[in-house]
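In the working numbering, the protein residues as written are 7 to 156.
Note that the Cβ used here is the ideal one computed from N, Cα and C, for glycine as well.
One structure below.
Shown next, in the form of structure tokens:
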């Protein structure tokens, strides 16, 4: 596991610009989560989660709105309305080989792969640079790298 050709600065600048552009067209929504899933930048809002919850409960009326499965979907960026509002592959800084190594690594090795370390650093920098202040957010807004890190 030696690959690391991420251009961190390109990914950071790209992500900040993508969040700003997204926020400009979603000013009325209140967001509870941001995640990087694969190379996808993902967000979800309370409003979009409520819509998906209503749809789900109409299909499965015997379920309760606080079931474990529903709470899991709330935190799963693969289920979010704005999954892939932008992709780091468009930044010119994403390393597909390092991502492939991450996917092929054992559960124990994954957290120390160049992909995991680079994306965790990117999320941390987005938080420290207040990239999410442009969004209306819940008090418990979370930002992370895919659902493994929740």
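Problem set entry | Where residue 135 falls: helix, strand or coil (DSSP) | Mapped onto the chain shown, residue 135 falls at position 129. Coil.
Problem set entry | Rounded separation between residue 114 and residue 105 - CA only | Taking the first residue of the chain shown as position 1, residue 114 is located at position 108. Taking the first residue of the chain shown as position 1, residue 105 is located at position 99. Computed Cα separation, rounded: 16 Å.
Problem set entry | residue 93 - partner residues in DSSP beta bridges | Sequence index remark: in the chain shown, residue 93 carries index 87 (1-based). Under DSSP, residue 93 shares a beta bridge with 46.
Exercise. Residue range of the alpha helix (DSSP H) that residue 149 falls in?
Worked result: Stepping through the chain shown from its first residue, residue 149 is reached at position 143. If you look at residue 149, you'll find it isn't in any alpha helix (DSSP H); it sits in the beta strand (DSSP E) that goes 142–151.
Exercise. For residue 41, does the three-state DSSP call read helix, strand or coil?
Worked result: Taking the first residue of the chain shown as 1, we reach residue 41 at position 35. Collapsing the DSSP output to three states places residue 41 in a strand.
For this session: Tell me whether the beta-carbon of residue 124 lies closer than 8 Å to the beta-carbon of residue 10.
Result: Residue numbering aside, residue 124 sits at position 118 when the chain shown is read from its first letter. Residue numbering aside, residue 10 sits at position 4 when the chain shown is read from its first letter. Going by C-beta atoms, residue 124 is nearer than 8 Å to residue 10.
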